[in-house]
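For reference, the structure is listed below as structure tokens.
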Amino acid sequence: MKVLMKPIEMIAWFSKDKYPIPLRYRIVDENMENKVIKVDKILFKEEEKIAGNRMILYRCESIIENTQRIFELKYEISTCKWFLFKI
Amino acid sequence: MSSPLIFHIDVNSAYLSWEAAYRLQHGEEIDLRDVPSIVGGNREKRHGIVLAKSIPAKDYNILTGETIHSALQKCPHLRVVPPNYERYIDASDAMIHILREFSPNIQRYSIDEAFLDYSYGDKHWIDISYEIKERIKADLGFTVNIGVSSNKLLAKMASDFKKPDMVHSLFPYELQDKMWPLPVSELFMVGPKTTVKLHSRGIFTIGDLAALSKDYIYSWLKKPGLLIWEYANGIDSSNVRNNPLPIKSVGNSTTTSFDVDNQREAHMILLALSEKVSMRIRAINQCAYVVSLNIKNYNFFSYSRQVKLNNPTDSTNFVYRTAKRLFDEMWQEEPLRRFSLSLSELISNDYYQLNFFEEDDSKEKLLDNAIDNIRKSFGHKSVFRSCFLYSGIDPLIGGVIMEEEYPMMSSQI
Ligand SMILES: [Mg+2]
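Heads up: the sequence lines are chains A and B, in that order.
Residue numbering for the first sequence follows numbering that gives the first Met the number 0, starting at 0 and increasing by one per position.
Residue numbering for the second sequence follows numbering that gives the first Met the number 0, starting at 0 and increasing by one per position.
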């Protein structure tokens, strides 16, 4: 996987659990087109506190253009922003 | 009762490590710690100073406190990243949060240093210090040095031994091997001026100082001399005080209702600001390493300068003299409308006694305290300097907390 750290638009489910659950996100691709990707499966999630900044890391799996891809999303608690961290 | 066991936890190249860890978390691929880099003002802002440097930057002989301009001359490909104090507070808080799992008795000595009293702990100091160090590294992504001893002074001396990412002990029985051979300038609170004095009488190592007789040092250097002699002998009985959170900076500013176009008036305004800002820093038992001055002219163009002191200060006169010097260096003699003075890189004043030793201002210290007390009892304007009489300038300016407006260490232009 390659580090991207690209800001993305996200639809997430804030359940009664501790962490929000990412459902689908929209990203602008190389051709400046919007692409929507549905998060099929969360393989694991973990909270990190690097330098005191809380982020939740999700390792996920989706079918993107007919191939199964693994990628990582990050949710930054202090800014409520989502990122495509690695793909 | 158990014997005292004190840890001193010190973040390695704090601002730089925090910046590096944060940037890695946000997808930056190079670790600032691995390349020549500094935290300081922006590249364009040539008057900013180096606040922290990476270990590779040390190889270029880049010094904390020098101007960015001069650092870039030593290393043209130096990475310069601006400071972000808000984030450093988060990093510091997160570290303290971890430390609290190990002891309730913690003193935040500065933003990147803390004392932890483990006298009542039940594990061996070796196990616990490594556990703390590894937890911080794994959870927070930066490294610390931990010094361990039976008092704060020795723990602090120990954390300063080989860096980074190390645990060192310095118990009294280890003084002879580990501390006495070191140059006397490395003893805590011995600054450049004291070093010169000690050298002039053939005292070059901490051991040389420790070996002097108490009477000799007292008759020569009086009370401050006695203190460093005690330190050289590993004596320190100060407690780990449970401090409140350190605040980032104390600053005051004023916008004048008239154009200030002469040095005399400008200096008076600086004095008035120094009075207030120094009183405030004394009131919270802190001293400051960095003095920053920002001035804005009649065109609303503003510029700043800052300086990092060898020894932290809380003295009104010293702050004033420093502000005057910064002002004289940068003022272009155009009419001015606004002055801001701030003190940052704050540190507990536990050991402030020796500052006056370095700066020879023991009388100023007494004076500052006397004036603070009079003002506390009889009002802020019960005593003020006579130069303000009939001057139309308020003898004490400020009182507004302006951290947000003037974040620590920024060098706004
Ligand atoms: Mg440090």
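For glycine and all other residues, C-beta sits at the position ideal for the given N, C-alpha and C.
Source: prediction; values computed, not measured.
- For serine 12 of chain B, the Cβ falls inside the 8 Å cut-off from some heavy atom of ligand 1.
- Listed along chain B, the residues sitting closer than 8 Å to phenylalanine 84 of chain A by beta-carbon distance are Gly26.
- Within chain B, the residues whose beta carbon sits less than 7 Å from that of valine 2 of chain A are Gly26 and Glu28, listed in sequence order.
- Minimum Cα-Cα distance from serine 390 of chain B among the listed residues B/Ile268, B/Asn348 and B/Met278 corresponds to B/Ile268.
- Residues of chain A with a Cβ closer than 7 Å to the Cβ of alanine 93 of chain B are, in chain order, Lys48 and Gly51.
- For tryptophan 179 of chain B, no beta strand (DSSP E) encloses it, and the DSSP letter there is neither H nor E.
- Closest option to glutamine 305 of chain B, judged by alpha-carbon separation, among B/Glu328, B/Asp313, B/Tyr297 and B/Lys295: B/Glu328.
- Considering only beta carbons, the part of the stretch 121-143 of chain B lying closer than 9 Å to chain A consists of Asp138, Leu139, Gly140 and Phe141, in chain order.
- When the beta-carbon positions are compared, valine 147 of chain B and leucine 174 of chain B stay at least 9 Å from each other.
- With fewer than 16 neighbouring CB atoms inside 10 Å of its own CB, cysteine 79 of chain A falls in the exposed class.
- Annotated as proximal: glycine 51 of chain A and leucine 139 of chain B, with beta-carbon spacing under 9 Å.
- A straight-line Cα-Cα distance of about 13 Å links isoleucine 10 of chain A and leucine 83 of chain A.
- At least one heavy atom of ligand 1 sits closer than 8 Å to the Cβ of aspartate 9 of chain B.
- Among the bridge pairs identified by DSSP, glutamate 75 of chain A is matched with A/Met54 and A/Lys80.
- Residue environment analysis places glutamate 112 of chain B among the buried positions, since at least 16 neighbouring C-beta atoms fall within 10 angstroms of its C-beta.
- Methionine 9 of chain A sits in a strand when the DSSP states are folded into three classes.
- Distances between the C-beta of aspartate 39 of chain A and the heavy atoms of ligand 1 are all 8 Å or more.
- The beta carbon of methionine 9 of chain A does not come within 9 Å of any beta carbon belonging to chain B, so the residue lies off that interface.
- A check of alpha carbon separations from valine 38 of chain A across A/Tyr18, A/Asn65, A/Cys59 and A/Glu29 identifies A/Cys59 as the nearest.
- Look at methionine 31 of chain A: its C-beta is not under 9 Å from any C-beta on chain B.
- By the 16-neighbour rule on beta-carbons within 10 angstroms, lysine 155 of chain B is buried.
- Remark: the shortest separation between the CB of glutamate 112 of chain B and any heavy atom of ligand 1 falls under 8 Å.
- Of the residues assessed, tyrosine 87 of chain B falls on the buried side of the cut-off, its CB having 16 or more other CB atoms within 10 angstroms.
- Contact annotation for tryptophan 17 of chain B against chain A: Ala50 [CB-CB distance below 7 Å, chain order].
- For arginine 374 of chain B, DSSP assigns no beta-bridge partner whatsoever.
- Taking a Cβ-Cβ threshold of 9 Å, the residues of chain A close to tyrosine 21 of chain B are Ile49, Ala50, Gly51 and Asn52, in chain order.
- DSSP places lysine 307 of chain B within a strand segment (E or B) once states are collapsed to three.
- Counting C-beta atoms within 10 angstroms of its own C-beta, glycine 378 of chain B has fewer than 16 neighbours from the protein chains shown and is therefore classed as exposed.
- Note that the C-beta distance between leucine 15 of chain B and leucine 31 of chain B is below 9 Å.
- Nearest Cα to lysine 132 of chain B within the set B/Ala157, B/Tyr108 and B/Val166: B/Val166.
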